[in-house]
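For reference, the structure is listed below as structure tokens.
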Amino acid sequence: MNGIPMEFGLLLSAVLFVLGLIGVMVRRNLIMILMSLEVMLNATGLAFIVAGSRWGQADGQIMFLLILTLAAAEVGVGLGLALQIFHRFNTLDADSVNEMQG
Amino acid sequence: MLELLGWVPLFPFLGFLILVLASERFSKPLAAWIGIGSVGVSALLVSLIGFEFLNGTMQPFKLVLGSWIEMDDLSVPFGFYLDALTMTMLFVVTGIGFLIHVYSAEFMASDPSYARFFAYMNLFVSAMLVLVLADNLVLLYLGWEGVGLGSYLLIGFWYEDPNNGYAARKAFVMTRIGDTSMALGLFLLFTQLHTFDIQSLMLHAENQWAPGTLLPVVSAALLLGGAVGKSAQLPLQTWLPDAMAGPTPVSALIHAATMVTAGVYLIARTHALFMLAPTVQFAVAVIGALTLLIAGCSALVQTDIKRVLAYSTISQIGYMFLALGVGAWSAAIFHLLTHAFFKALLFLAAGAVIFCFHHEHNIFKMGGLRKAMPLTFWSFMIGSAALSALPFTSGFYSKHEILLAAFEVSPVLWAVGCLGALITGIYSFRLVFVVFFGVQSEVLEKSLGWRMSAPLFLLGILALFGGLLQVPLGSVFPALSSPDRDLTFNLVSAITVAAPLLGLLIAVLFYLTGAFSAQRLANCRWAKPLRLFFLGGWGMDVLYDNLFVHPFKTITRLNKNDAVDGLYLAIAWLSKRLHLLVSASQTGHVRWYASSLVLGTVAIIAIGLLS
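Here the protein sequences come in this chain order: A and B.
One point on numbering: in the working numbering, the residue at position 98 of the first sequence is 98, and numbering is uninterrupted.
One point on numbering: in the working numbering, the residue at position 556 of the second sequence is 658, and numbering is uninterrupted.
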């Protein structure tokens with residue numbers, strides 16, 4: 001695990017995270033929002049792996065497994081919701097399902 | 103036998119409970135049996151107890167039935183105390199109470215709320231018995247408030263008429279002013295002397311306080327406030343004439359014979375305290391003298407038969423206060439006793455007239471009833487004679503004693519008392535002559551049954567010969583120094599006897615023979631405003647209306663929306679605005695939420711980094 005400095009790995013994970021974040025904020029399609037969330041989760045997972053390998057400890061990989069489980073559950077629920085929304089409104093546009101008016 | 107004392111107030115209370123729970127489900131005779139029976143049993147018990155007590159050593163007897171309040175150094179038992187003073191009051195309350203109950207059975211016969219009437223009457227009698235039996239001031243206060251409640255309920259008995267309700271509220275509020283002062287007096291006595299037991303209170307007060315110092319003066323003055331309210335004395339007397347809105351037996355029992363004399367009883371019971379406060383004791387005498395004069399003048403011009411009697415009650419209680427104030431304790435209680443006889447008699451006789459006259463109260467619409475109602479006429483005659491203290495009637499002995507004792511203290515008080523006696527003679531015989539002499543007004547339809555006649559008859563005997571009763575109060579009160587029987591004394595006695603006779607003569611000239619015309623006097627230039635002034639009770643009602651009622655009403659009108667509430671309403675309004683502001687941000691746009699989340703996180707991280 002030599003050669004690639006930790007900073008590069010962390011930088012990559014930060015870039016991925018911000019990309020995912022931007023995706024969540026600007027995309028209107030619910031599926032795309034869910035995918036962007038996945039990107040963000042994986043970015044954090046990458047950060048854990050990088051840190052774990054830097055210190056030579058297994059904790060980082062355990063955390064990644066945890067995040068993986070979380071992401072799977074999140075996608076399951078999220079896709080279920082998206083399906084329901086599509087059934088009901090016949091669209092996946094996040095902006096057009098704002099029935100709550102404050 | 104003395105141990106049965108606890109049952110005396112209990113029986114009327116049980117009667118009250120039964121009647122109030124059954125309300126009007128009982129038939130009228132059954133309700134009357136329960137109502138009269140409970141008081142009758144109490145009266146029987148009292149006579150048994152009295153027989154044993156008076157034949158015994160007359161040592162004070164204490165009976166503790168149980169504990170009421172027990173905490174730290176405060177201990178208030180359900181304790182009864184029996185001495186000669188209590189015994190006298192017990193006889194008055196149960197004996198006269200029983201007679202009036204019997205009388206009511208017929209008087210109220212046509213009333214739909216028959217059982218309710220007897221329930222209230224029983225409640226009142228029970229509370230009054232607790233008041234006179236109590237051995238500590240807190241239990242006495244319980245009875246004190248109990249009789250106030252009974253009085254309120256019975257004044258407003260015919261509550262369909264709003265005026266009666268108003269009269270009841272007025273009586274309640276006016277006496278409450280006095281009661282508040284009395285409660286403060288109780289608190290002061292307890293904080294200073296650490297007990298509520300009356301006998302030990304008096305003992306402690308005598309041992310710890312020097313005469314005329316601040317503490318006894320203040321506490322006696324506060325107790326006097328309570329007595330003044332309950333006994334309708336200056337300046338809290340205005341409720342009693344309006345209290346005549348209640349049924350006539352109620353006026354006889356509560357507003358003549360028993361409750362209104364509770365103030366006299368209180369002062370007599372705590373006389374040791376009043377003797378430590380000579381200024382307050384003198385104030386009692388002055389209040390009594392002023393009240394008897396003011397009320398007597400008002401009684402002169404009233405046209406409502408019951409209001410005449412109401413003002414005369416105020417005036418007679420004024421005599422009792424005068425007696426208390428000059429230290430003639432026994433004379434005050436003696437007058438209380440004889441007054442209970444003849445005033446109950448007068449009220450019951452007035453009730454008989456009202457009963458047969460279709461509830462007419464105006465004496466000038468009556469007349470010539472002498473032939474039609476002989477028993478009532480003679481009852482009224484005896485009552486008026488005793489009221490104006492004509493020689494050898496019961497009122498004569500007690501009032502004579504009072505006035506002679508007043509002369510020893512101050513000739514001015516005596517002179518006022520004699521003037522009052524003169525006025526008493528005028529107004530009581532004015533009533534007799536206007537109602538029972540002259541042209542007969544109309545044929546009566548009703549006649550009196552035995553239940554109304556018998557009490558009249560018995561009370562008539564008591565009012566006539568009650569003065570011969572020897573009330574053994576020497577064991578309770580310090581004795582009065584007997585005056586020298588010199589020339590002045592004889593002269594004073596003679597004037598005291600002559601005053602009511604002169605009053606009788608004036609009444610005869612004005613209302614019987616027609617030698618002078620009261621009508622012409624009333625219409626002349628200087629007498630007319632005076633008459634109106636007396637008629638309105640010396641303008642006290644108007645004064646209080648302008649001084650307290652109207653300003654209070656104005657303030658409440660101004661403060662209709664409650665200034666204090668404004669603060670809390672403002673807080674509620676502000677949080678509602680804030681809520682609207684926050685809820686406006688809940689748009690339902692998921693991407694907005696996410697963005698604000700990001701913004702917030704960035705802001706927090708920035709703060710963390712930069713600080």
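Just so it is clear, CB atoms sit at the ideal spot from N, CA and C, and this is done for glycine as well.
- Message: According to DSSP, is isoleucine 202 of chain B part of a helix, a strand, or is it coil?
- Response: As a working mapping, residue 202 of chain B is identified with position 100 in the second sequence. Note: isoleucine 202 of chain B maps to helix in three-state DSSP.
- Keeping to the same chain, check which residues put their C-beta closer than 7 Å to that of arginine 88 of chain A; ignore five residues upstream and five downstream. Working through the first sequence from its first residue, we reach residue 88 of chain A at position 88. Nothing listed; no residue qualifies.
- Item | Rounded straight-line distance, which links the Cα of alanine 686 of chain B to that of leucine 10 of chain A | On the first sequence, residue 10 of chain A is found 10 positions in, with the first residue counted as 1. On the second sequence, residue 686 of chain B is found 584 positions in, with the first residue counted as 1. Distance between the alpha carbons of leucine 10 of chain A and alanine 686 of chain B: 39 Å.
- Item | CB of arginine 409 of chain B within 7 Å of CB of methionine 346 of chain B, strictly | Residue numbering aside, residue 409 of chain B sits at position 307 when the second sequence is read from its first letter. Residue numbering aside, residue 346 of chain B sits at position 244 when the second sequence is read from its first letter. Result yes, Cβ atoms of arginine 409 of chain B and methionine 346 of chain B sit closer than 7 Å.
- Message: To be precise: take each residue of the segment 674-695 of chain B, compare its Cβ to all Cβ atoms of chain A, and keep it if any distance is under 8 Å. Which residues remain?
- Response: Ser685, Ala686, Ser687, Gln688, Thr689, Gly690, His691, Val692, Arg693
- Item | Where alanine 236 of chain B falls: helix, strand or coil (DSSP) | Counting from one through the second sequence, the residue named residue 236 of chain B turns up at place 134. In this structure, alanine 236 of chain B counts as strand in the three-state DSSP scheme.
- Message: Whole angstroms are fine: how far does the CA of valine 644 of chain B sit from the CA of proline 343 of chain B?
- Response: As a first step, residue 343 of chain B must be located in the second sequence, where it is residue number 241. As a first step, residue 644 of chain B must be located in the second sequence, where it is residue number 542. Roughly 14 Å between the two C-alpha positions.
- Where does glycine 638 of chain B sit, in a helix, a strand or coil, going by DSSP? Your numbering for residue 638 of chain B matches position 536 in the second sequence. Here glycine 638 of chain B sits in coil by DSSP.
- Does the separation of the CB atoms of phenylalanine 220 of chain B and alanine 312 of chain B fall below 7 Å? On the second sequence, position 118 is the one that residue 220 of chain B refers to. On the second sequence, position 210 is the one that residue 312 of chain B refers to. Contact flag unset, no.
- Task: Answer yes or no: does any C-beta atom of chain A fall closer than 7 Å to that of serine 697 of chain B?
- Result: The residue given as residue 697 of chain B occupies position 595 in the second sequence. Yes, serine 697 of chain B lies at the interface with chain A (some Cβ there is under 7 Å from its Cβ).
- Task: Step through the CB atoms of chain B and report whether any lies within less than 7 Å of the CB of valine 24 of chain A.
- Result: On the first sequence, position 24 is the one that residue 24 of chain A refers to. For valine 24 of chain A, the answer is yes, since a Cβ of chain B falls inside 7 Å of its Cβ.
- Task: Output the boundary residues of the alpha helix (DSSP H) element that contains tryptophan 694 of chain B.
- Result: Taking the second sequence and counting its residues from 1, one reaches residue 694 of chain B at position 592. Segment 692-712, the alpha helix (DSSP H) holding tryptophan 694 of chain B.
- Message: Report the start-end ranges of each alpha helix (DSSP H) in the segment 221-275 of chain B that is 4 residues or longer and not cut off at the edges.
- Response: The qualifying runs are 239-257.
- Item | contact_flag[the segment 302-319 of chain B, the segment 377-396 of chain B] where n(CB pairs < 8 Å) is 3 or more | yes
- Task: Could you list which residues in chain A have their beta carbon closer than 9 Å to that of valine 700 of chain B, in chain order?
- Result: Here residue 700 of chain B corresponds to residue number 598 of the second sequence, with the count starting at 1. Leu21, Val24, Met25, listed in chain order.
- When the Cα of alanine 285 of chain B is compared with those of B:Ile504, B:Ala488, B:Val122, B:Gly327, which residue comes out closest? Taking the first residue of the second sequence as position 1, residue 285 of chain B is located at position 183. Nearest C-alpha to alanine 285 of chain B: B:Gly327.
- Using DSSP with H/G/I as helix, E/B as strand and the rest coil, what is serine 687 of chain B? For the purposes of this step, residue 687 of chain B is taken as residue 585 along the second sequence, with counting starting at 1. Secondary structure of serine 687 of chain B (DSSP, three-state): coil.
- Item | Whole-angstrom distance between valine 594 of chain B and aspartate 588 of chain B, CA atom to CA atom | By 1-based counting over the second sequence, the position of residue 588 of chain B is 486. By 1-based counting over the second sequence, the position of residue 594 of chain B is 492. One C-alpha to the other measures close to 10 Å.
- Can you give me, in chain order, the residues of the segment 70-98 of chain A that have a beta carbon less than 9 Å from any beta carbon in chain B? Ala94, Asp95, Val97, Asn98
- Task: Alpha carbon to alpha carbon, how far is serine 417 of chain B from leucine 632 of chain B? Give it in angstroms, no decimals.
- Result: Here residue 632 of chain B refers to the residue found at position 530 of the second sequence. Here residue 417 of chain B refers to the residue found at position 315 of the second sequence. Straight-line Cα distance between these residues: approximately 19 Å.
- Query: Looking at C-beta atoms only, is the number of pairs between the segment 601-618 of chain B and the segment 507-516 of chain B that lie closer than 8 Å three or more?
  - Reply: Fewer than three beta-carbon pairs drawn from the segment 601-618 of chain B and the segment 507-516 of chain B are found closer than 8 Å, and the two stretches are therefore not classed as touching.
- Task: Answer with buried or exposed for lysine 630 of chain B, where buried requires no fewer than 16 other C-beta atoms within 10 angstroms of its C-beta.
- Result: Position 528 of the second sequence, counted from the first residue, corresponds to residue 630 of chain B. The residue in question, lysine 630 of chain B, is exposed, as its Cβ has fewer than 16 Cβ neighbours within 10 Å.
- Query: What does DSSP give as the partner residues of glycine 181 of chain B in its beta bridges?
  - Reply: As a working mapping, residue 181 of chain B is identified with position 79 in the second sequence. Looking at the DSSP assignment, glycine 181 of chain B forms a beta bridge with B:Val166.
- When the Cα atoms are used, what is the spatial distance from leucine 448 of chain B to alanine 359 of chain B? The residue you call residue 448 of chain B lines up with position 346 of the second sequence. The residue you call residue 359 of chain B lines up with position 257 of the second sequence. Answer to the nearest angstrom: the Cα atoms are 11 Å apart.
- Query: Going straight from the alpha carbon of isoleucine 608 of chain B to that of alanine 397 of chain B, what length do you get?
  - Reply: Translated into the one-based positions of the second sequence, residue 608 of chain B becomes position 506. Translated into the one-based positions of the second sequence, residue 397 of chain B becomes position 295. Cα-Cα distance, rounded: 19 Å.
- Which residues DSSP lists as bridging glutamate 172 of chain B, in chain order: On the second sequence, position 70 is the one that residue 172 of chain B refers to. Answer is B:Ser177, bridged to glutamate 172 of chain B.
- Item | Assigned secondary structure, aspartate 664 of chain B (DSSP; H/G/I helix, E/B strand, else coil) | Sequence index remark: in the second sequence, residue 664 of chain B carries index 562 (1-based). Reduced to three states, the DSSP call for aspartate 664 of chain B is coil.
- Task: Over the uninterrupted alpha helix (DSSP H) stretch that includes leucine 309 of chain B, give me the two end residues.
- Result: As a working note, residue 309 of chain B is residue 207 in the second sequence. Reading off the sequence shown, one finds asparagine at residue 309 of chain B, where the question assumed leucine. Start and end: 300-310.
- Message: Between the alpha carbons of leucine 471 of chain B and valine 537 of chain B, how many angstroms are there, rounded?
- Response: Locating residue 471 of chain B in the second sequence gives position 369, counting from the first residue. Locating residue 537 of chain B in the second sequence gives position 435, counting from the first residue. C-alpha separation (whole angstroms): 6 Å.
- Query: Counting Cβ pairs, one atom from each stretch, are 3 or more of them under 8 Å apart for the segment 50-66 of chain A and the segment 113-123 of chain B?
  - Reply: no
- Among all the DSSP beta bridges, which residues are the ones paired with aspartate 93 of chain A? Here the question's residue 93 of chain A lines up with position 93 in the first sequence. Looking at the DSSP assignment, aspartate 93 of chain A forms a beta bridge with A:Asn29.
- Query: To which residues does DSSP link asparagine 464 of chain B through a beta bridge?
  - Reply: For the purposes of this step, residue 464 of chain B is taken as residue 362 along the second sequence, with counting starting at 1. DSSP output for asparagine 464 of chain B lists B:Asp406 as bridge partner(s).
- Straight-line CA distance for threonine 159 of chain B to tyrosine 216 of chain B? Numbered from its first residue, the second sequence carries residue 159 of chain B at position 57. Numbered from its first residue, the second sequence carries residue 216 of chain B at position 114. Approximately 43 Å between the Cα atoms of the pair.
- Message: For a test of the three-state rule: what should DSSP assign to glycine 453 of chain B, helix, strand or coil?
- Response: If you number the second sequence from 1, residue 453 of chain B lands on position 351. Note: glycine 453 of chain B maps to helix in three-state DSSP.
- Item | DSSP three-state assignment for cysteine 458 of chain B, whether helix, strand or coil | By 1-based counting over the second sequence, the position of residue 458 of chain B is 356. Cysteine 458 of chain B falls in the helix class under three-state DSSP.
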